[in-house]
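Count along the sequence shown starting at 1, add 12, and that's the number in this note's numbering. Note that the Cβ used here is the ideal one computed from N, Cα and C, for glycine as well. This structure is a prediction, so every number in the text was calculated from the model and none was measured.
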Amino acid sequence: MASISQEQASHVLPGVKNVVAVGAGKGGVGKSTAAVLLAYGLHRSGAKVGLLDADVYGPSIPTMVGVEGHNPVVSGNMIVPPVAGGVKIISIGFMVDRDKPLIWRGPMAHGVIKQFLEQVEWGELDYLIVDLPPGTGDVPLTLAQLIPMTGAVVICTPQDVALMDARRAVKMYEQLNVPCLGMIENMSYYLCPKCGHRDELFDHGGAESAAGELGVPFLGEIPLNVKIRIHGDSGSPEKLFTDTPDYVTQAIQRVVSNTAGQIGIRNSIREAAPTLTVE
Ligand SMILES: Nc1ncnc2c1ncn2[C@@H]1O[C@H](COP(=O)(O)OP(=O)(O)OP(=O)(O)O)[C@@H](O)[C@H]1O
Ligand SMILES: [Mg+2]
13 MASISQEQAS HVLPGVKNVV AVGAGKGGVG KSTAAVLLAY GLHRSGAKVG LLDADVYGPS
73 IPTMVGVEGH NPVVSGNMIV PPVAGGVKII SIGFMVDRDK PLIWRGPMAH GVIKQFLEQV
133 EWGELDYLIV DLPPGTGDVP LTLAQLIPMT GAVVICTPQD VALMDARRAV KMYEQLNVPC
193 LGMIENMSYY LCPKCGHRDE LFDHGGAESA AGELGVPFLG EIPLNVKIRI HGDSGSPEKL
253 FTDTPDYVTQ AIQRVVSNTA GQIGIRNSIR EAAPTLTVE
């Protein structure tokens, strides 16, 4: 499949320097968590960031960043995205009932994503992070058709079933001509806060070796930690950086800076990415 040209796409997201998709893999492995970590990590390093919740079937970003129940403001024919902790957010969750099942046919999902790209006032952004639904369905295809993406990040846990889906996702991006920026291993291990014992609940190291096999970068591992779950559930993304044990914060920061590095590399032929230093 041919990728779209810069000229074709110049009218879509004119002020956005980098579009980075996160996900396309097994359900529940931490795609949205990783999207939030990347968005807020990049924001903390001084970049202008937007976060587009492309999970039109199960939007979780509004809850995770603390803007659940927000009513979208419309100015002219453009939607003004709410800003949560400095990051612009859009989600279908702002437009539908919380308990209503979201049943979209392919063209309808395509229409929603198109609207989120074309009719949201994103303004000037260094990064637009896109949280994808599980699987290799319509949404990543739609994105690849509508905008030139800087690249995609694939999230997985170390267990075989998750790695299988992650491999499929990497291959899908290859077919869509979207560069794979790399793989992140989430829930990589667990450290007991009482005795320091390390458990590898879902195995360990599978993503790094899969990345090696597939020839894509390995962006790092994120441990399983209750604070990550708590700050996600309570919509406090900043606390992922300020209220997690040191080894967790450091792991998160490594993943953010490795991803920023890969974006910079991919981008160097197009336009220079801003220099990022993650504190
Ligand atoms: N490293 C982690 N440590 C602790 N909890 C985590 C971690 N990563 C994710 N979680 C929790 O696991 C749950 C699933 O994560 P998340 O929603 O990010 O997954 P997902 O892949 O986006 O799921 P879906 O496929 O449904 O979109 C959430 O409650 C989240 O807070
Ligand atoms: Mg999700």
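- Relative to residue 34, the option among 245, 140, 104 and 266 whose CA is nearest is 140.
- Counting only unbroken stretches of 4 or more residues, the alpha helix (DSSP H) elements lying wholly within the stretch 167–233 are 172–187 and 218–226, in sequence order.
- With a 10 Å radius around the Cβ and a threshold of 16 neighbouring Cβ atoms, residue 42 comes out buried.
- Under DSSP, residue 137 shares a beta bridge with 28.
- Bounds of the alpha helix (DSSP H) holding residue 44 are 43–56.
- Across the structure, residue 82 and residue 222 are spaced so that their CA atoms are roughly 40 Å apart.
- Between residue 152 and residue 188, the gap from beta carbon to beta carbon is short of 8 Å.
- 40 is the residue among 40, 31 and 25 whose C-alpha sits nearest the C-alpha of residue 177.
- Taking the CA atoms as reference points, residue 204 sits about 20 Å from residue 232.
- DSSP, read as helix, strand or coil, puts residue 88 in coil.
- Put simply, the backbone Cα of residue 219 is about 31 Å away from that of residue 129.
- Non-local C-beta neighbours of residue 191 in its own chain, meaning closer than 7 Å and more than five positions away in sequence, comprise 163 and 278, ordered along the chain.
- When secondary structure is reduced to three states using DSSP, residue 105 falls in the helix class.
- CA-CA distance, residue 158 to residue 24, rounds to 8 Å.
- Residue 201 holds the alpha-carbon nearest to the alpha-carbon of residue 209 among 195, 216 and 201.
- The shortest CA-to-CA distance from residue 27 to any of 118, 146, 132 and 55 is the one to 132.
- Burial check for residue 88: the Cβ neighbour count within 10 Å stays below 16, so the residue is exposed.
- Taking a cut-off of 8 Å for Cβ pairs, the stretch 97–111 and the stretch 54–68 touch, as three or more such pairs fall below it.
- According to the DSSP assignment, residue 276 belongs to the alpha helix (DSSP H) that extends over 258–279.
- Relative to the non-hydrogen atoms of ligand 2, the Cβ of residue 67 comes within a distance shorter than 7 Å of at least one.
- Taking the Cβ of residue 44 as the reference point, at least one heavy atom of ligand 2 falls within a distance shorter than 7 Å.
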